[in-house]
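Just so we're aligned: the sequence shown equals residues 540 to 758 in our numbering. Glycine is no exception: its CB is placed at the ideal position from the N, C-alpha and C atoms. Below you'll find the structure, written out as structure tokens, and then a few comments.
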Amino acid sequence: MLLRTAASTVPQKRVKLFHSPRIEPFLAKIDNRRLREIQRRYAGSSDRYAKYADVEHWLKINLPRVQELKLDRSPPKQILDLGCGAGFFLFLAKQFGHQCLGLDVGDFLLSNELIELFGLERVTGRIRAFQPLPDFGRKFDLITAFSAAFNRSEDESRGWNPEEWNFFLDDVDRYLRLGGQILLEINSGKEKRYFPAEVRDVLLKRGARVDGERVYFRS
Numbered sequence: 540m541l542l543r544t545a546a547s548t549v550p551q552k553r554v555k556l557f558h559s560p561r562i563e564p565f566l567a568k569i570d571n572r573r574l575r576e577i578q579r580r581y582a583g584s585s586d587r588y589a590k591y592a593d594v595e596h597w598l599k600i601n602l603p604r605v606q607e608l609k610l611d612r613s614p615p616k617q618i619l620d621l622g623c624g625a626g627f628f629l630f631l632a633k634q635f636g637h638q639c640l641g642l643d644v645g646d647f648l649l650s651n652e653l654i655e656l657f658g659l660e661r662v663t664g665r666i667r668a669f670q671p672l673p674d675f676g677r678k679f680d681l682i683t684a685f686s687a688a689f690n691r692s693e694d695e696s697r698g699w700n701p702e703e704w705n706f707f708l709d710d711v712d713r714y715l716r717l718g719g720q721i722l723l724e725i726n727s728g729k730e731k732r733y734f735p736a737e738v739r740d741v742l743l744k745r746g747a748r749v750d751g752e753r754v755y756f757r758s
């Protein structure tokens with residue numbers, strides 16, 4: 540990856556004071572009848588993904604991410620979200636005029652329903668070690684991944700090693716515009732087994748700024 544940002548291990552303050560817009564205007568953009576029907580079907584469900592039917596809650600969680608990346612006050616960007624889930628982040632970004640694309644598996648009915656409800660574009664696929672990403676057909680100003688869990692072996696016994704990470708980052712770089720940004724939030728798991736020190740070192744050598752489980756790149 541061709542990067543110009545100097546590596547830094549200095550933690551940055553992660554608590555930021557934002558003027559928080561009310562969430563109601565964003566909820567008003569959603570077909571309330573369809574949303575209520577989805578929520579009715581998942582009420583009381585023991586499915587671990589049923590929690591995502593609480594759309595208001597997850598929009599509130601994702602709005603600070605949009606603000607931190609200044610998407611609420613920047614010109615229109617092309618955005619790719621890896622492991623987009625139900626699309627809460629992309630839905631909010633779309634409301635600020637950005638062109639959004641998600642990548643995720645299509646295995647979970649609720650996520651599929653919410654992606655459709657939000658009117659989002661999604662490529663269905665799974666990120667695997669040493670396998671290239673799908674051909675998205677365009678480049679992006681911002682590539683994100685929140686609570687990323689793709690960086691694991693198939694049996695989830697370990698996280699990706701440096702070689703697997705280098706392959707992935709080289710591949711991602713093909714889709715990043717000049718001057719673009721990458722933000723990865725890594726779900727490191729217990730004892731940080733999915734984000735070991737040797738991987739952190741590789742990311743720093745590639746020019747990343749690493750702040751806890753957050754990894755920032757700028758081309």
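Opening and closing residue of the alpha helix (DSSP H) in which L649 lies: 648-657
G676 versus G624: straight-line alpha-carbon distance, rounded: 21 Å
Distance CB(D620)-CB(L640) smaller than 9 Å: yes
Integer Cβ distance of V594 from L610, believed to fall under 8 Å: That pair is no contact at about 19 Å.
Burial state of N571, where buried means 16 or more other Cβ atoms lie within 10 Å: Exposed is the label assigned to N571, since fewer than 16 other Cβ atoms lie within 10 Å of its Cβ.
Cβ-Cβ separation, S758 to L717 (assumed contact under 8 Å), whole Å: 6 Å
Local Cβ density within 10 Å of A582, reported as buried at 16 or more and exposed below that: exposed
Beta-carbon contacts of E660 that lie in its chain and below 6 Å, excluding the five residues immediately before and after: L640
Whole-number beta carbon distance between G622 and A687, since they are thought to touch under 8 Å: The pair is a contact, with the Cβ atoms about 6 Å apart (cut-off 8 Å).
F565, enclosing alpha helix (DSSP H) - first and last residue: 563-566
Per-residue burial, P751 [other beta carbons within 10 Å of its own, 16 or more giving buried]: Inspection of the sequence shows that residue 751 is occupied by Gly rather than by Pro. Answer is exposed; the Cβ neighbour count stays below 16.
Alpha carbon of R732 to alpha carbon of L566, nearest angstrom: 38 Å
Distance between beta carbons of I569 and L602, contact taken as under 8 Å: So it is not a contact: roughly 14 Å between Cβ atoms.
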